[in-house]
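**Student:** Per my numbering: the sequence shown ends with 313, consecutive numbering throughout. Glycine is no exception: its CB is placed at the ideal position from the N, C-alpha and C atoms. Keep in mind the model is a prediction, meaning the values are calculated, not measured.
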Amino acid sequence: MYDLIGDIHGHARALKALLTKMDYQETNGVWQHSEREVIFLGDFVDRGPEQIETVQIARNMVESGNALAVMGNHEFNAVAWATPDPRNPSEYLRPHTEKNLKQHEAFLDQVGEGSRLHLSMLEWFKSLPLYLDLPEFRVVHACWHPTYLESVKQFTDDRNRLLPEAWEASARKGSEAYGAVETLLKGLEIPLPGDHYFLDKEKNKRTDVRTKWWQTGNLTYRDLAMVPGSEIEKIPHEPVEAHILPGYDGEKPVFVGHYWMKGEPAPLSEHVACLDYSVAGDHGGKLCAYQFGGERCLSASNFVWVHA
Ligand SMILES: [Mn+2]
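#1: Tell me whether Asn-165 counts as near ligand 1, meaning its Cβ is closer than 7 Å to at least one heavy atom of that ligand.
#2: Cα-Cα, which of Leu-280, Cys-302, Arg-301, Leu-193 is closest to Cys-293?
#3: On the criterion of 16 or more Cβ atoms from any shown chain inside 10 Å, does Met-126 qualify as buried, or is it exposed?
#4: With a CB to CB cut of under 6 Å and the five nearest residues on each side skipped, what residues in its chain are close to His-79?
#5: Is the closest heavy atom of ligand 1 to the C-beta of Asn-78 under 7 Å?
#6: Nearest-angstrom Cα distance between His-263 and Ser-95?
#7: With a threshold of 16 other CB atoms inside 10 Å of the CB of Asn-223, please say whether the residue is buried or exposed.
#8: Report, in whole angstroms, the separation of the C-beta atoms of Pro-251 and Pro-151, which I expect to be a contact under 8 Å.
#9: Thinking His-276 and Gly-255 are a contact (beta carbons under 8 Å), I'd like their distance in whole angstroms, please.
#10: On a Cα-Cα basis, can you pick out the residue from Phe-297, Asn-33, Gly-53 that is closest to Asp-287?
#11: May I ask you to verify whether the segment 178-193 touches the segment 151-166, counting CB pairs closer than 8 Å and requiring at least 3?
#12: Got a sec? Which residues, its chain only, sit under 7 Å from Lys-191 by beta carbon, not counting five neighbours each side?
#13: Check whether the Cβ of Asp-48 lies closer than 7 Å to any heavy atom of ligand 1, and answer yes or no.
#14: Quick check on Ala-271: does DSSP put it in helix, strand or coil?
#15: Under 8 Å: do the segment 227-237 and the segment 190-207 share three or more Cβ pairs, one atom per stretch?
#16: Near Leu-303, which residues of its chain fall below 7 Å by C-beta distance, leaving aside the five closest residues on each side in sequence?
#17: Excluding sequence positions up to five away, which residues of its chain have a Cβ less than 6 Å from the Cβ of Ala-22?
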């Protein structure tokens, strides 16, 4: 059986505490459990103080068969940051803007930009699948979206890993690959009607909102928007057309990270759970796991966490 772990963002101390709490032990440099395996939901890097150790713990577990992992948007961005743009040789697939540098600087400092360790970590990031569809549940960093999952197949191999030749298109705004990867790893964003906008965590002005994509029924923009609490009043109560959200079929549970949740961990619905509880947040969040025991309906009592 599996223990699923949410976004770590360089908080190796919290990761070790959480593994210990779930009875994993470090033996010969690898954290392991005699009966259980971990599934990491991505976002190992950026923000936190021990990013190298975090990647090493997760990678050792994956490479020794003690864990599986999917790619987070921060791993995708790390690869795109370091990959020259074939169309503009002096540029990179992820532009080296002030804003992007600020988001990635802690990792680059800790790993040493261009070092052997850096290149080795990028190789591992590239090897991570975009999603897992296991017999009993599904895993994706941000959004399980049937249309985009279908369209991403032409850009991935038989283990759901982005093909080497698909990275360029995946980073090129407007392409089919970009739309698919963006939705799976960053969630389903929709434009606000009229000239509405809000400010994100970094105080950047945004005209697209992240959605609670798993919801169904008659919803307004405010119902489905995932924005900082102080901004919610800026989102209008105008109805959203029903076809915009994919909903979720509930065939089996799906686990995601990505959404910087707060408060007491609990499932989002019977079949959907987010395990990102903001361990790297400014006000000290939690690193959260879900101990899966084969259940069809997710239970709040299976969440485990440690404080940052
Ligand atoms: Mn994320």
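**Tutor:** In this structure, then:
#1: Position 160 of the sequence shown, counted from the start, is the residue given in the question as residue 165. No, ligand 1 has no heavy atom inside 7 Å of this Cβ.
#2: Locating residue 293 in the sequence shown gives position 288, counting from the first residue. Between Cys-293 and the set Leu-280, Cys-302, Arg-301, Leu-193, the nearest pair of CA atoms involves Leu-280.
#3: To locate residue 126, count along the sequence shown from 1; it is residue 121. It is buried - the Cβ of Met-126 has at least 16 other Cβ atoms within 10 Å.
#4: The residue given as residue 79 occupies position 74 in the sequence shown. If we look at His-79 and ignore the five residues flanking it on each side, its Cβ neighbours are Asp-48, Val-50, Asp-51.
#5: One-based indexing of the sequence shown puts residue 78 at position 73. For Asn-78, the shortest C-beta to heavy atom distance toward ligand 1 is below 7 Å.
#6: The residue labelled residue 263 in the question sits at position 258 within the sequence shown. The residue labelled residue 95 in the question sits at position 90 within the sequence shown. For the pair His-263 and Ser-95, the Cα-to-Cα distance works out to about 31 Å.
#7: On the sequence shown, position 218 is the one that residue 223 refers to. Answer is exposed; the Cβ neighbour count stays below 16.
#8: Translated into the one-based positions of the sequence shown, residue 251 becomes position 246. Translated into the one-based positions of the sequence shown, residue 151 becomes position 146. Between Pro-151 and Pro-251 the Cβ distance is about 6 Å, and since that is below 8 Å, they are a contact.
#9: Here the question's residue 276 lines up with position 271 in the sequence shown. Here the question's residue 255 lines up with position 250 in the sequence shown. Indeed they touch by this definition, with Cβ atoms about 4 Å apart.
#10: Taking the first residue of the sequence shown as position 1, residue 287 is located at position 282. Asp-287 has its Cα closest to that of Gly-53, out of Phe-297, Asn-33, Gly-53.
#11: Cβ pair count under 8 Å is three or more, so yes.
#12: Position 186 of the sequence shown holds residue 191. These residues qualify, in order along the chain: Asn-78, Ala-147.
#13: Along the sequence shown, read from residue 1 onward, the residue named residue 48 stands at position 43. Asp-48: yes, Cβ under 7 Å from ligand 1.
#14: On the sequence shown, position 266 is the one that residue 271 refers to. Coil.
#15: The answer is yes - the segment 190-207 touches the segment 227-237, with three or more Cβ pairs under 8 Å.
#16: Position 298 of the sequence shown, counted from the first residue, corresponds to residue 303. Here the set comprises Pro-258, Pro-272, Glu-275, His-276, Ala-278.
#17: In the sequence shown, the residue the question calls residue 22 occupies position 17. In its chain, beyond the 5 residues on either side, Val-311 have a beta carbon closer than 6 Å to the beta carbon of Ala-22.
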